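Beneath this line is the structure, given in structure tokens, with notes to follow.
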Amino acid sequence: MENTFLQQHREKEEFNQFWYSSRTINALVDETEDLHLQGFTKIACLSTPSLYFSLTEKSKENSRLFEIDRSFQRDKGFVFYDFNHSEELDPALEKSFDVVVVDPPFITREVWEKYSRAVKFLLKDGGKIIVSSVDENAPMLDELLKVKRQAFKPSIPHLVYQYSFFTNYNSSRFSQKNSEIPEEEDEDYY
Numbered sequence: 001m002e003n004t005f006l007q008q009h010r011e012k013e014e015f016n017q018f019w020y021s022s023r024t025i026n027a028l029v030d031e032t033e034d035l036h037l038q039g040f041t042k043i044a045c046l047s048t049p050s051l052y053f054s055l056t057e058k059s060k061e062n063s064r065l066f067e068i069d070r071s072f073q074r075d076k077g078f079v080f081y082d083f084n085h086s087e088e089l090d091p092a093l094e095k096s097f098d099v100v101v102v103d104p105p106f107i108t109r110e111v112w113e114k115y116s117r118a119v120k121f122l123l124k125d126g127g128k129i130i131v132s133s134v135d136e137n138a139p140m141l142d143e144l145l146k147v148k149r150q151a152f153k154p155s156i157p158h159l160v161y162q163y164s165f166f167t168n169y170n171s172s173r174f175s176q177k178n179s180e181i182p183e184e185e186d187e188d189y190y
């Protein structure tokens, strides 16, 4: 069954939006729910509306969507966020999230440096990071955020290249391959 968010929202080219598949969204939701049960209850979703709007109501209560697309602003958890102006984040949000999930619209170093500043600003000490990007960015992401590539690769149906998930912690869920993605040869994971 298709995810409700996917049924209600089209990808917008002007924001370089590409939604995860239903299975990938479910895997992210399940992962954040597991983290919630471990006490990581406040989630910052940076440029990940498909995750934010798929969270359970309980998880969504303490979570925020940091997003440039104002079509989502009716939700009480919406925080306008332009990665070019991370310094404009509300100082009250500093170090207030247990988990930060990031799927930026672009994958260049310049963009990742800006998102990394936001992650470090928002994340509590000892917090969990989940990001998605291309495998070629693995060394840079390790340098910027100390995250490692995972075996579970997200399915993003309308994106022409394959992303991977990267985390700063061991995840039993993300250590398993996504059956939606064809087998690959290189398997140097966290």
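For the sequence shown, the UniProt record's numbering assigns the number 1 to the initial residue and increments by one for each residue that follows.
Just so it is clear, CB atoms sit at the ideal spot from N, CA and C, and this is done for glycine as well.
Note that the coordinates shown come from a computational prediction; the quantities given were computed from them, not determined experimentally.
Hey, residue i and residue j: beta-carbon distance below 8 Å or not?
i      : j      : result
Tyr81  : Val102 : no
Asn170 : Phe152 : no
Ser59  : Thr32  : yes
Residue i: buried (16+ other C-beta within 10 angstroms of its C-beta) or exposed?
i      : result
Lys76  : exposed
Thr167 : buried
Thr4   : exposed
Glu67  : buried
Leu37  : exposed
Arg109 : exposed
Would you identify the three-state DSSP class for residue i, choosing helix, strand or coil?
i           : result
Ile25       : helix
residue 194 : The structure shown does not extend to residue 194, since the chain is modelled only from 1 through 190, so no value can be given for it.
Asp75       : coil
Suppose the cutoff is 8 Å on Cβ atoms and the five residues either side in sequence are ignored; what does the same chain contact list for residue i look like?
i      : result
Trp112 : Pro104, Ser133, Asn137, Met140, Leu141 and Leu144
Ile107 : Ser133, Val134 and Asn137
Glu128 : The sequence given here has Lys at residue 128, not Glu. The residues are Leu35, Phe40, Asp98, Val99, Val100, Thr167, Asn168 and Tyr169.
Please return the same chain residues whose Cβ sits closer than 6 Å to the Cβ of residue i, not counting the five positions on each side in sequence.
i     : result
Arg64 : Ala44, Gly77 and Val79
Using a beta-carbon distance below 8 Å, is residue i in contact with chain B?
i     : result
Arg23 : Going by chain labels, chain B is absent from the structure shown, which holds only one protein chain.
Problem - Three-pair Cβ contact test at 8 Å for the stretch 50-62 versus the stretch 150-164 - result: No, the stretch 50-62 is not in contact with the stretch 150-164.
Exercise for the section: Please confirm if the stretch 35-45 is in contact with the stretch 89-99, defined as three or more CB-CB distances below 8 Å between the two stretches. Expected result: yes
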